[in-house]
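Participant: Quick one: structure below, then a few questions.
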Amino acid sequence: MHKALMIIGSLFFLTSGIFAQGKMTEFSAGLLAPKDAKSGFYGGVNFGRMVDERVGISLGVHVYYSSYTKSSKVGENVNGQIVISQEATELDQSATLIPIYFQLHFVGPITKSLDLKVTGGVGYELLWSSVTNFQKKIDGTQFFSGFGWNIGAGVSLPISRASDFYGELFYHGGSPSRDEGKTEEGLPVSSEINMHGLGLRVGLRIYNFGI
C-alpha cells in the first residue's frame, strides 16, 4: 500500500516538474452508486498543473461515504395532536472510501461559451467498512485496499478568466480487498467489496491556485 501511494505521488510531481505551465485546482461534490454499497456522497480535490492550454495532470484525493440504519417501530405515544413514535435500532452500517489518483484532464471547445471536459485517472484506494449489529452484538471495522480507476466526461463553463464551473458523469472502478488468512488446506482466502459504479459530480476549477 505505501509503495503504491509513493508511486502515485512521485509520478505526479515528476511529470508536473517536466511539463507544467501553470497551477490549477479542482473542487467537486456529487454522488456515487457502487454495486456492493449504498449510494452516497462522493467529492474531493484535485491539485494539478497545466501541460498546455487544453491538457492538465493532477493528484486527486477523493472521498466516498454512505451509511445505513435498520430500525423497527416499537411503540407510539399520542399527546394531543402530537404523535411520538418509538423506534429500536437493529443495525448501523457505514462505508468510507478514499481514492488517491494520478489523473489526466482535457478541456476542448464545444461552443464559444461551453467546453468539453474529459477526466481519467488510476491509483490506489482505501476503504473502511463499519458495522454495529445490536441483535447479534457485533461491532467492528474492516479495512480494505486495492487498485482503482475512474473516467469521466462532461461540460465546463468558464465563469471568469481564472475559473470554470463543470458538471461530469463518471464511472468509478475498483474492488478493494483484504486478506482473510488460509483454509485448512492452506489455500489463501480474501474478501472484497465491488465499488464499480456510475457517479455524477459538479465542481469548480481554479487556475493559478494550489500546490
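First residue of the sequence shown? That's 260 in this note's numbering, and the numbers climb one at a time after it. Don't be surprised by glycine CBs; every beta carbon is placed ideally from N, CA and C.
What's the C-alpha gap between Leu446 and Val390?
Facilitator: Their Cα atoms are separated by approximately 27 Å.
Participant: How should Val310 be labelled, buried or exposed, when 16 other C-beta atoms within 10 angstroms of its C-beta is the threshold for buried?
Facilitator: The residue in question, Val310, is buried, as its Cβ has 16 or more Cβ neighbours within 10 Å.
Participant: Extract the residue ranges of the beta strand (DSSP E) inside the region 394-444, only unbroken runs of 3 or more that lie entirely within it.
Facilitator: Listed in chain order, they are 397-419, 422-433 and 436-441.
Participant: What distance in whole Å lies between the Cβ atoms of Glu346 and Gly326, which are believed to be in contact at a cut-off of 8 Å?
Facilitator: In the sequence as presented, Gly is not what sits at residue 326; that position holds Ser. Their Cβ separation, rounded to whole angstroms, is 16 Å, which puts Ser326 and Glu346 out of contact at 8 Å.
Participant: Straight-line CA distance for Phe306 to Ala296?
Facilitator: So the two alpha carbons sit approximately 28 Å from each other.
Participant: Which residue's Cα is closest to the Cα of Leu290: Ser317, Lys282, Thr284 and Val322?
Facilitator: Ranking Ser317, Lys282, Thr284 and Val322 by Cα distance to Leu290 puts Val322 first.
Participant: Which partner residues does Lys329 have in the DSSP bridge list?
Facilitator: According to DSSP, Lys329 bridges with Leu350.
Participant: Would you check if the region 402-416 and the region 346-361 touch, i.e. whether three or more CB-CB distances between them fall below 8 Å?
Facilitator: Result yes; three or more Cβ-Cβ pairs closer than 8 Å.
Participant: Is the distance from the Cβ of Gln362 to the Cβ of Thr348 below 8 Å?
Facilitator: No. Outside cutoff.
Participant: Mind checking who Glu384 pairs with in its DSSP beta bridge?
Facilitator: Note: Glu384 sits in a beta bridge opposite Pro358 and Gly405.
Participant: Do you know how far the Cα of Trp387 is from the Cα of Glu451?
Facilitator: If I take the Cα positions, the gap works out to 12 Å.
Participant: Quick one: what's got a C-beta closer than 8 Å to Ile343's C-beta in the same chain, skipping five residues either side?
Facilitator: Closer than 8 Å at the Cβ level, and outside the excluded window around Ile343, lie Glu335, Asn336 and Val337.
Participant: Tell me the residue span of the beta strand (DSSP E) that contains Ser298.
Facilitator: Here Ser298 belongs to no beta strand (DSSP E), and DSSP marks it neither H nor E.
Participant: Does the beta-carbon of Ser419 have 16 or more other beta-carbons within 10 angstroms, so that it is buried, or is it exposed?
Facilitator: Exposed, since its Cβ has fewer than 16 Cβ neighbours within 10 Å.
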